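Numbering (this note's numbering), first residue to last: 934 to 1012.
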């Protein structure tokens, strides 16, 4: 059950961050970007000394991390 919830939250975070950043992708992109972004967001927030708990906190951290991930990928792949 936990893996299904993680995939759904990852997909939601990926979709929200893609909408915010003006990026396009499919469901698989949203899931992968959202899950990686969730880890990245939680890591960055922990470095800053912030603690977010609950499902809303996971979504906020995931969206922030996914936006950061999309920004970094664009920065690296910029031509």
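From the three backbone atoms N, C-alpha and C, an ideal C-beta is built for every residue, glycine too.
For clarity, every value in this text was computed on a predicted model and none was experimentally measured.
Cβ contact annotation for residue 942 (same chain, cutoff 8 Å, sequence separation greater than five): 967, 971, 988, 991, 992, 995, in chain order.
Shown here for residue 1000: same chain residues with a beta carbon closer than 8 Å to its own, the five before and five after excluded, namely 950, 953, 954, 970 in chain order. In the three-state scheme derived from DSSP, where H, G and I count as helix and E and B as strand, residue 942 is classed as helix. Taking 8 Å as the upper bound for CB-CB distance, residue 975 and residue 998 are in contact here, some 7 Å apart.
Distance from the CA of residue 1010 to the CA of residue 938, rounded to the nearest whole angstrom, comes to 31 Å. With contacts defined by Cβ atoms closer than 7 Å, residue 973 and residue 1002 form a contacting pair.
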